[in-house]
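Since the structure comes first, as structure tokens, the remarks are kept for the end.
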Amino acid sequence: MKQPLHEKIRADFEARILAGTLAPGDRLPTEQELMQAHGCSRMTVNKALSALQSAGLVERRKKAGSFVARPRVHSMVLDIPDLAVQIGERGQRHSYRLTRRQVRGPIAGRDEEAALANGAQLLELDGIHCANDRPLAVEHRLIATRAVPAIVDGDFDSISPGTWLLQHVPWTEAENRISAVGATREEAAQLGIAPGAPCLCVERHTWRGGDPITYVRQVFLADAYDMVARFGPAGG
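Sequential numbering of the sequence shown, starting at 1, is according to the UniProt record's numbering.
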């Protein structure tokens with residue numbers, strides 16, 4: 001079946017945004033320019049732009065036009081923190097060391113991995129976050145290559161996967177789960193602590209317009225990291 005034109009226009013802009021060809025804040029062609037370029041109606045163009053807006057990729061401003069959305073970077077527990085920014089704000093130097101990288105399919109029987117993969121491959125990344133060269137957290141991350149194809153060629157020598165995603169991929173929904181855990185033998189060895197030592201575990205699922213983007217599990221030294229949220233009563 002032939003792909004509808006509005007879907008083709010949407011997919012083209014989505015690919016360019018995720019690849020970084022169009023950066024946050026860049027202005028998209030006007031509706032009139034798109035109508036002329038594709039020989040289509042305003043309704044077709046509007047459908048494409050509305051879909052990009054719903055996915056959190058584009059901001060549409062009345063009389064100003066459409067722009068690539070700026071990814072949100074916050075440090076509250078109810079949002080998605082950028083560890084590099086948080087550590088820098090504490091006057092420390094952040095670094096990230098990649099310990100494992102592979103592209104694979106979801107493991108049989110793991111429904112959450114299958115849902116994240118959505119019929120495609122996953123990029124699995126394990127690494128260690130450090131503050132002033134001291135291990136702060138170990139990270140296990142899975143990224144949906146179908147949602148973020150450019151991530152497969154990402155260079156994580158100077159930037160962590162989480163920071164890369166925050167800079168390149170707008171998100172619309174996230175779910176955090178925070179718990180106290182004891183370090184496994186592998187985590188303990190990487191963090192330089194005893195097996196079973198108390199740690200803070202943060203698990204997060206992130207979506208864009210209903211499509212899963214990434215799952216991450218971060219295990220922090222209990223005495224070296226905290227999370228803060230400020231909020232008010234519902235409806236108040």
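Ideal placement from N, C-alpha and C gives every residue a C-beta, glycine not left out. Quantities reported herein were computed from a predicted structural model and do not represent experimental measurements.
Beta-carbon proximity list for Pro161, same chain, < 6 Å, skipping 5 on both sides | As a first step, residue 161 must be located in the sequence shown, where it is residue number 161. Counting only Cβ-Cβ distances below 6 Å, and skipping sequence neighbours, we find Leu125, Arg141.
What is the C-beta distance between Leu123 and Val138, in whole angstroms, given that I count them as a contact (C-beta under 8 Å)?
-> Your numbering for residue 123 matches position 123 in the sequence shown. Your numbering for residue 138 matches position 138 in the sequence shown. Cβ-Cβ separation between Leu123 and Val138: approximately 18 Å, too far for a contact (criterion under 8 Å).
Which residues does DSSP pair with Arg110 in a beta bridge?
-> Walking along the sequence shown from the start, residue 110 turns up at place 110. For Arg110, which the question treats as bridged, DSSP gives no partner whatsoever.
Pick out the complete beta strand (DSSP E) segments inside the segment 133 to 186, 3 residues or longer, and give them in chain order.
-> For the segment 133 to 186, whole beta strand (DSSP E) runs of length 3 or above, ordered along the chain, are 134 to 144, 173 to 182.
Are there three or more Cβ pairs, one per stretch, closer than 8 Å when the segment 204 to 224 is compared with the segment 109 to 122?
-> yes
C-alpha distance - His168 paired with Asp111, whole-angstrom precision | Translated into positions along the sequence shown, residue 168 becomes position 168. Translated into positions along the sequence shown, residue 111 becomes position 111. When rounded, the distance between both Cα atoms is 27 Å.
Leaving aside the five residues before and after Thr145 along the sequence, list all residues of the same chain whose C-beta is less than 6 Å from its C-beta, in chain order.
-> Counted from its first residue, the sequence shown places residue 145 at position 145. Correct list, in chain order: Ala120, Gln121, Leu123, Val152.
Which value, in whole angstroms, describes the spacing of the CA atoms of Glu175 and Arg70?
-> For the purposes of this step, residue 175 is taken as the residue at position 175 of the sequence shown. For the purposes of this step, residue 70 is taken as the residue at position 70 of the sequence shown. Going from the Cα of Glu175 to the Cα of Arg70 covers about 20 Å.
Only counting runs of 3 or more residues, tell me where the beta strand (DSSP E) segments fall wholly within the UniProt domain "HTH gntR-type" (3 to 71), in order along the chain.
-> 58 to 61, 65 to 68
Pick from Gln32, Met43, Ala64 that is closest to Asp26, judged by C-alpha positions = Start at 1 with the first residue of the sequence shown, and residue 26 comes out as number 26. When only C-alpha atoms are compared, the closest one is Ala64.
What are the residues that DSSP puts in a beta bridge with Gly127?
-> As a first step, residue 127 is located in the sequence shown; it is residue number 127 there, counting from the start. Paired residues: Leu98, Glu139.
Identify every residue that forms a DSSP beta bridge with Glu89.
-> Counting from one through the sequence shown, the residue named residue 89 turns up at place 89. The partner list for Glu89 (beta bridge, DSSP) is empty, contrary to what the question assumes.
Under 7 Å from any heavy atom of the ligand ATP, does the C-beta of Ser41 make it?
-> By its list of ligands, the structure shown contains no ligand whatsoever, and the ligand ATP lies outside what it can speak to.
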